[in-house]
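What follows is a set of notes on a single structure, which appears directly below.
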């Protein structure tokens, strides 16, 4: 038995970590096989989501096939970088450091100094995406996604930024479940225990910024989404009306982030509407 | 009544790659022959993969397709059940399972219940079958009731097959693993449900249940395997591991079937004529109700 975790794991959210680990490994191997690749790369921030994905990928295909890219900005927390380096050291996977300060500053120095932290944070997330996709060519691997279910449902992610990937093994796991699985996989404790942060500015934490704890929002999301309860039923279950309503608005308001952009239906057969194929069609079916 | 050796082909088909999958079937039929199996069972859409969408027409075969006959001939002294996309003479596409025996396609079951909810979208791409009948295997000297995945989620399927004389209920599946809640057996909600269905049907029909589920991944979906054989008294005879591809050989024993049917004569006591009468009434009343509500001014 492992020691009691430092985070709160709501009972109804507890998963069978062996089953999740196995499905995730099968999924990673199959995605690569289907696309004709055998390597992945990811942005390693020092946070728990990317650390867990690095561990899952290393277990599925071997650490030598996982490239970790550390992409700090000049105000990024040095301890995050230390945590990322610790993951690289423990897994023994190749890594690369790309400081994005010059790219970001060059853009915002050009008469855009008034940019809000939100704009800057989104821009950084998209610069990291560009760096990853450029490296996917030189490394010859696919970008593996690290976004979790909680942030996807409430829209706490940057469209075409941290949400961009070839495939995502953890996108159906709530933050509480990410933590549970991270404990099972042996992710460094310092990473599991620290307050989650998008590192948008020094000292920022997700929970302070959005005003609720992950355990709380996970329990509400689980009821609304997975159990299909109504808002009234969730409130009757002991949650504050104001918070439940707010979470519901966040889900509805971020639907666009979870879908591919709609295409105007004009021709006889349209991708995503009535032209529906698996991602990679086998040669035998194309010939 | 000698025991019958059954090979469960828990494979991971390649999506849309008919030729690759045919090759794999030939190889495993060869292995099953070498292991002296009497019956080999492959999973739902083992020849094509599951999440085909618009590839369905590209991998479809007629039931007299030479490639199916090739598998039947390769089976030599064995009975084999394979599953494929079937195209009818009027170009409907079905999810089908064929019993291959003595170098021929002996029987084809077309999936009757096509799930089109949740993560499933089968009715969009396939036509539903409309017969649920058992088939006699001369080679095995047994009557088999073949069904496909969702067919087992409708009570009428095992009941009809058993009433039609099936002694072995065979369900071939592509069941996606999901709901990894810690409280579930095997860590999967799906697995827990299938285990209880298989056991219940075995006991209620006093039949052997053979469940063959695929493994591997199509797009987002991971199939969990866990193929199993349940005896007519509900005891588990064999359980394949989850997610591991393999050819698993076990056996079923006609003597055990006979013992159980004598000890628990549930089938003897079935009253299909009562069921029929009640169904007629229920359907008649339902039609009347629908007609009345259609006439009501809105």
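Chains as they are written, first to last, in our numbering: chain A, 692 to 978; chain B, 25 to 322. By construction, the Cβ of each residue, glycine as well, lies at the ideal position given by its N, Cα and C atoms. Note that the coordinates shown come from a computational prediction; the quantities given were computed from them, not determined experimentally.
Chain B residues whose Cβ lies nearer than 8 Å to that of residue i
i: residue 966 of chain A; result: 78
i: residue 706 of chain A; result: 204, 205, 206, 211
i: residue 748 of chain A; result: Neighbours of residue 748 of chain A on chain B: none; closest Cβ ~15 Å, over 8 Å.
Cβ distance (whole Å) where residue i is taken to contact residue j below 8 Å
i: residue 933 of chain A; j: residue 241 of chain B; result: Rounded, the Cβ-Cβ distance is 41 Å, inconsistent with contact.
i: residue 806 of chain A; j: residue 853 of chain A; result: Wrong, their Cβ atoms sit about 18 Å apart, outside the cutoff.
i: residue 243 of chain B; j: residue 808 of chain A; result: Rounded, the Cβ-Cβ distance is 37 Å, inconsistent with contact.
i: residue 757 of chain A; j: residue 784 of chain A; result: 4 Å
i: residue 75 of chain B; j: residue 123 of chain B; result: Not really, about 25 Å apart at Cβ, beyond 8 Å.
i: residue 735 of chain A; j: residue 826 of chain A; result: With a Cβ gap of about 12 Å, residue 735 of chain A and residue 826 of chain A do not count as contacting.
i: residue 661 of chain A; j: residue 886 of chain A; result: Summary: the structure shown does not reach residue 661 of chain A, with chain A confined to residues 692 through 978, and so no result is reported for it.
i: residue 232 of chain B; j: residue 192 of chain B; result: 4 Å
i: residue 917 of chain A; j: residue 208 of chain B; result: That belief does not hold up - the Cβ atoms of residue 917 of chain A and residue 208 of chain B are roughly 14 Å apart, past 8 Å.
CB contact flag (residue i, residue j, <7 Å)
i: residue 845 of chain A; j: residue 762 of chain A; result: no
i: residue 175 of chain B; j: residue 137 of chain B; result: yes
i: residue 223 of chain B; j: residue 258 of chain B; result: yes
i: residue 866 of chain A; j: residue 909 of chain A; result: yes
i: residue 116 of chain B; j: residue 151 of chain B; result: yes
i: residue 16 of chain B; j: residue 278 of chain B; result: No statement about residue 16 of chain B is possible, as the shown extent of chain B runs from 25 to 322 and does not include it.
i: residue 107 of chain B; j: residue 125 of chain B; result: no
i: residue 874 of chain A; j: residue 746 of chain A; result: no
i: residue 269 of chain B; j: residue 105 of chain B; result: no
i: residue 167 of chain B; j: residue 190 of chain B; result: yes
i: residue 31 of chain B; j: residue 273 of chain B; result: yes
i: residue 120 of chain B; j: residue 134 of chain B; result: yes
i: residue 236 of chain B; j: residue 65 of chain B; result: yes
i: residue 759 of chain A; j: residue 779 of chain A; result: yes
i: residue 110 of chain B; j: residue 87 of chain B; result: yes
i: residue 789 of chain A; j: residue 818 of chain A; result: no
Listed by chain order, chain A residues near residue i by CB distance under 7 Å
i: residue 243 of chain B; result: 969, 970
i: residue 75 of chain B; result: 969
i: residue 267 of chain B; result: 713, 717
Local Cβ density within 10 Å of residue i, reported as buried at 16 or more and exposed below that
i: residue 42 of chain B; result: buried
i: residue 305 of chain B; result: exposed
i: residue 693 of chain A; result: Because the pLDDT at residue 693 of chain A is just 46, under 50, the model does not fix this residue reliably, and the point stays unresolved.
i: residue 321 of chain B; result: exposed
i: residue 786 of chain A; result: buried
i: residue 730 of chain A; result: buried
i: residue 154 of chain B; result: exposed
i: residue 830 of chain A; result: buried
i: residue 882 of chain A; result: buried
i: residue 239 of chain B; result: buried
i: residue 67 of chain B; result: buried
i: residue 741 of chain A; result: buried
i: residue 812 of chain A; result: buried
i: residue 976 of chain A; result: Only weak support exists for where residue 976 of chain A lies, its pLDDT of 44 falling under 50; the value from the coordinates is given anyway. By the 10 Å Cβ count, residue 976 of chain A comes out buried.
i: residue 737 of chain A; result: buried
i: residue 72 of chain B; result: buried
i: residue 979 of chain A; result: No information on residue 979 of chain A is available, as it lies outside the stretch 692 to 978 that chain A covers here.
i: residue 951 of chain A; result: exposed
i: residue 979 of chain A; result: Past the boundaries of the shown model lies residue 979 of chain A; chain A is included only from 692 to 978, so the question cannot be answered.
i: residue 709 of chain A; result: exposed
8 Å Cβ cut-off: residues of chain A touching residue i
i: residue 201 of chain B; result: 710, 714
Heavy atom of the ligand PLP within 6 Å of residue i beta-carbon
i: residue 142 of chain B; result: For the ligand PLP, the structure offers nothing, since it holds no ligand at all.
Interface partners of residue i on chain B, CB under 9 Å
i: residue 930 of chain A; result: Neighbours of residue 930 of chain A on chain B: none; closest Cβ ~20 Å, over 9 Å.
Partner residues on chain B for residue i, Cβ-Cβ distance less than 7 Å
i: residue 718 of chain A; result: 241, 246
i: residue 721 of chain A; result: 240, 241
Contact between the stretch 835-844 of chain A and the stretch 854-867 of chain A (3+ Cβ pairs under 8 Å): yes
The stretch 759-774 of chain A in contact with the stretch 909-926 of chain A per 3-pair CB rule at 8 Å: no
Cβ contact (3+ pairs, closer than 8 Å) linking the stretch 44-64 of chain B and the stretch 295-303 of chain B: no
Contact the stretch 742-757 of chain A vs the stretch 894-903 of chain A: 3+ CB pairs below 8 Å: no
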